[in-house]
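In my numbering, the protein residues as written are 232 to 440. Right, one structure below, let's go through it.
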C-alpha cells in the first residue's frame, strides 16, 4: 500500500527537483502510516466507547494532532537507515535522524551506541568532553512528563483529532508542524509549497476512503 503512495507522489512531482521529490515521497509514507494507525485507533474507540460523546470540539486541533501522532511516527521511522529509530536518535542518543554517522568518523551511530558503546556525537580519537553531556539529552520519561503537564488530551479530543485527519481536514500549517516535530528542518520544508503538500495529503486520504 505504501508503495502506491510513493508512486503517486512521483507522478505529482514529475517536474520537481529530486530533493523535493524525495521529501514529498517521505510525506506520503508518513501520512499513509498515520492514517492506517488512526483508522485502527478509531475502530477501537468506537467499540469500547460507543456512548462517550464529545461535549466540546477541540479548540487547538493542530497542537492536539501533533501530540497524538508525533511520538508514534518517530518510533516507527528510521530515516537514515542506521537501525536506530528517529525517536531514539532525537530523544535518547541526541544524534541526527538524517545522518547514519552523525559525527562523521566512519562508524555508524548504531555501531557506536549498540556495539562499541562509544559516543556517537564525538568522532573517534577526538576529545569532546562536555559536548554530549547525558544530562542534556531528553529522555522518553521527560517527554511523557512534559506532555502530561502541559497539554494532556482527553479521549473525546483524541477522537475529534482522528476524525479530522482521516476525513482530510488537516491543513498545510498542521502538516508542516507535524513534519517539523518529526525531524524536518524549516529549510527543507520551505522547498515544498502548500499546494503540493496538501495535494500529497489528499492523495493519501483518498486511498483510505
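Glycine included, every Cβ here is placed at the ideal spot set by N, Cα and C. Owing to the predicted nature of the structure, the values given are computational and were not obtained by experimental measurement.
Residue i and residue j look like a contact to me (Cβ under 8 angstroms); what is the Cβ gap, rounded to whole Å?
i, j, result
"residue 432", "residue 406", "6 angstroms"
"residue 315", "residue 333", "With 8 angstroms as the limit, residue 315 and residue 333 do not qualify as a contact, their Cβ atoms being about 10 angstroms apart."
Report the residue from the options whose alpha carbon sits nearest the alpha carbon of residue i.
i, options, result
"residue 426", "306, 418, 415, 404", "404"
"residue 303", "421, 419, 324, 412", "412"
"residue 328", "423, 336, 408, 310", "310"
"residue 357", "319, 336, 421", "336"
"residue 399", "420, 317, 430, 350", "430"
"residue 355", "345, 402, 338", "338"
"residue 402", "344, 424, 349", "424"
Could you tell me whether the Cβ atoms of residue i and residue j are closer together than 8 angstroms?
i, j, result
"residue 321", "residue 305", "yes"
"residue 324", "residue 340", "yes"
"residue 319", "residue 308", "no"
Please classify residue i: is it buried, with 16 or more other beta-carbons within 10 angstroms of its beta-carbon, or exposed?
i, result
"residue 416", "exposed"
"residue 312", "exposed"
"residue 434", "buried"
"residue 379", "Confidence is the limiting factor: at residue 379 the pLDDT is only 49, short of 50, which leaves the residue's position unreliable, though a coordinate-based value still follows. So residue 379 counts as exposed."
"residue 326", "buried"
"residue 281", "Residue placement at residue 281 cannot be trusted, given a pLDDT of 47 that sits under 50; the coordinates are not used to answer."
"residue 428", "buried"
"residue 350", "buried"
"residue 366", "Below a pLDDT of 50, predicted positions are generally treated as unreliable, and residue 366, at 45, falls in that range; the measurement from the model is reported next regardless. By the 10 Å Cβ count, residue 366 comes out exposed."
"residue 289", "Per-residue confidence for residue 289 stands at a pLDDT of 47, beneath the threshold of 50, marking its modelled position as unreliable; the derived number appears in the next sentence. Buried is the call here."
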